[in-house]
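Single-structure report; data block below.
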Amino acid sequence: MLTKRIIACLDVRDGQVVKGVQFQELRHAGDPGELARRYNVEGIDEVVILDITATLEKRQALAKTIAAVAREIFLPLTVGGGIRTEEDADAAVEAGADKVSLNTAALKNPGLITTLARRYGSQAVIVAIDAKRREDKFAVFVRSGTSDAARDAVEWAREAEAHGAGEILLTSMDRDGTRAGFDCEMTAAVSDAVNIPVIASGGAGSFEHFTDVFTRGHADAALAASIFHYAESSVADLKRYLRERGIPTRLVS
Amino acid sequence: MIALVDYGAGNLTSVRKAFSTLGARFFTPTTPGECADVAAIVVPGVGHFGATAALDAPWREAISAAVVRGTPLFGICVGMQWLFEGSDEAPGVPGLGALPGRIARLDGNATERLKVPHVGWNALDFTRPARLLDGLASGAQVYFTHSFAAPVTDACAAATTHANTFASVVERDNVFGVQFHPEKSSDAGLRILRNFLDLVGDRA
Numbered sequence: 001m002l003t004k005r006i007i008a009c010l011d012v013r014d015g016q017v018v019k020g021v022q023f024q025e026l027r028h029a030g031d032p033g034e035l036a037r038r039y040n041v042e043g044i045d046e047v048v049i050l051d052i053t054a055t056l057e058k059r060q061a062l063a064k065t066i067a068a069v070a071r072e073i074f075l076p077l078t079v080g081g082g083i084r085t086e087e088d089a090d091a092a093v094e095a096g097a098d099k100v101s102l103n104t105a106a107l108k109n110p111g112l113i114t115t116l117a118r119r120y121g122s123q124a125v126i127v128a129i130d131a132k133r134r135e136d137k138f139a140v141f142v143r144s145g146t147s148d149a150a151r152d153a154v155e156w157a158r159e160a161e162a163h164g165a166g167e168i169l170l171t172s173m174d175r176d177g178t179r180a181g182f183d184c185e186m187t188a189a190v191s192d193a194v195n196i197p198v199i200a201s202g203g204a205g206s207f208e209h210f211t212d213v214f215t216r217g218h219a220d221a222a223l224a225a226s227i228f229h230y231a232e233s234s235v236a237d238l239k240r241y242l243r244e245r246g247i248p249t250r251l252v253s
Numbered sequence: 254m255i256a257l258v259d260y261g262a263g264n265l266t267s268v269r270k271a272f273s274t275l276g277a278r279f280f281t282p283t284t285p286g287e288c289a290d291v292a293a294i295v296v297p298g299v300g301h302f303g304a305t306a307a308l309d310a311p312w313r314e315a316i317s318a319a320v321v322r323g324t325p326l327f328g329i330c331v332g333m334q335w336l337f338e339g340s341d342e343a344p345g346v347p348g349l350g351a352l353p354g355r356i357a358r359l360d361g362n363a364t365e366r367l368k369v370p371h372v373g374w375n376a377l378d379f380t381r382p383a384r385l386l387d388g389l390a391s392g393a394q395v396y397f398t399h400s401f402a403a404p405v406t407d408a409c410a411a412a413t414t415h416a417n418t419f420a421s422v423v424e425r426d427n428v429f430g431v432q433f434h435p436e437k438s439s440d441a442g443l444r445i446l447r448n449f450l451d452l453v454g455d456r457a
């Protein structure tokens, strides 16, 4: 049976892992290579590196950080943040990324999704959607959450799939860093609208939140940062917890 | 030396990294003739079966001739699919035909939320002993990402179920293949790659 994936996110700025709350107030959380090594031992299923300030400061994903993480793990590695062109994607792949995550650039130019899917295969192209609740809809924001894209998350996810996206990484801006739980309604709305896997992100604060997002939220994978970074909870404990509640996970001995 | 065939289907960085870490000596042949005198041939690949069209008749003949001589051949993901006769994903593009059967699209199951593409970690259910699976137990989990898959035939050594049951490991004589990505499957995947390198080493 296909297991539910647990993905660790490394938000990287200047080669160090940082973590904010609702996209603000960044604080230091460790060395990317060291964190990746620990997560691999604990049984993480995938690692995502997000160069969080790249869009704003117009920097490219840090090849050195990617290579440092890729050296530590033989797991799928995704890189996002500031990937705007085919050349940016090539550089990330060259440094060791298996998948690239597009956000602002995909909305501005959906053809980039198709170009990269043709070049590397759809499995290598993730479209990241940052969204906030607005009445009974989910509003998409771009440029690291600073700019209203005037798009609905469910519609945009469907369109991204049609352009060749292989997965959707859906982040609730309302929940990001709050540890108040994933936005299960938003995740289910998007997951039910597409055939490609949806990775839920934003709000993980307890093991129960993961149970919720895999059951009520219909998520195929869940991504978290803070809950793992500060070694409060191990990935192995989380996976055992989920398995005891009937949610299939990969355990490492 | 192992010939790592790069026919332009996606990104081989991870495969190279894994083989390097395991101490393999490999090169990327630029002409079919370079497959004539190698310890093994590896055909990786991600993405679309149509990309294997780059492996035209001269490549297929050179690789088939090496297989007849006993050279181990290892296909990974689309590379494994290519070992069969062809794929519904690109009906006009022939496979190597080293194994009988045709690649078909996974059906998925909407009511059970079994999506296609099949992405993530799933179990290998062993169907018989195989050299590639040495040291692993049935139920071992590996990382998949694909929409098309091979039928369960006599060549199947492990099967995986995602709505459909398909061949996830094939092994017949000196022809080997895996549908998943061993280079991204952590310790289980590295063990499979090491098993392949060990059997290549035995032969040399």
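Protein sequences, first through last, are from chains A and B.
Everything in the first sequence is counted per this note's numbering, starting at 1 for the first residue and increasing by one.
Everything in the second sequence is counted per this note's numbering, starting at 254 for the first residue and increasing by one.
The beta carbon of each residue, even a glycine, is placed where N, CA and C say it ideally should be.
The beta-carbon of A:P197 is placed less than 8 Å from the nearest beta-carbon of chain B. In this chain, B:Q394 is not harboured by any alpha helix (DSSP H); it is covered by the beta strand (DSSP E) spanning 394 to 399. Contact fails between the segment 172 to 180 of chain A and the segment 102 to 110 of chain A, because fewer than three Cβ pairs, one in each stretch, are under 8 Å apart. Shown here, B:N264 sits in coil according to DSSP, grouped into three states, outside any helix or strand. Using beta-carbon distances, A:F210 does not count as an interface residue toward chain B, since no partner is under 8 Å. If you compare the alpha carbons of B:Y260, B:G300, B:V423, B:R313 with that of B:F327, the shortest gap goes to B:V423. Residues of chain B with a Cβ closer than 8 Å to the Cβ of A:N40 are, in chain order, S439.
Between A:S201 and A:L242, the CB-CB gap reaches or exceeds 8 Å. Apart from sequence neighbours up to five positions away, the residues of its chain that approach A:P76 with a beta-carbon distance below 7 Å are E46, D98, K99, ordered along the chain. Residue environment for A:G246: exposed (fewer than 16 other C-beta atoms within 10 angstroms of its C-beta). The C-beta of B:V268 comes no closer than 8 Å to any C-beta of chain A. Identification of residues in the segment 341 to 370 of chain B having a C-beta nearer than 9 Å to some C-beta of chain A yields G361, A363, R366, L367, K368, V369, P370, given in sequence order.
According to DSSP, B:E424 shares a beta bridge with B:F429.
Taken in chain order, the members of the segment 166 to 193 of chain A whose beta-carbon sits within less than 7 Å of a beta-carbon on chain B are G166, E167.
Of the residues A:V127, A:G81, A:R71, the one whose Cα lies closest to the Cα of A:R37 is A:R71. Judged by pairs of C-beta atoms under 8 Å, the segment 114 to 124 of chain A does not touch the segment 143 to 152 of chain A, as fewer than three such pairs exist.
Assigned with DSSP and collapsed to three states, A:R133 falls in strand.
The residue among B:G442, B:A343, B:V453 with its C-alpha nearest the C-alpha of B:K270 is B:G442. Close to B:T398, with beta-carbon spacing below 7 Å, are these residues of chain A in chain order: Q123. Assigned with DSSP and collapsed to three states, A:C9 falls in strand. A distance below 6 Å between beta-carbons, with the five flanking residues on each side excluded, links A:A117 to the following residues of its chain, in chain order: V125, G164.
Bounds of the beta strand (DSSP E) holding A:E46 are 46 to 51. Fully contained in the segment 323 to 382 of chain B are the following beta strand (DSSP E) runs of length 3 or more, in chain order: 326 to 329, 355 to 358, 371 to 376.
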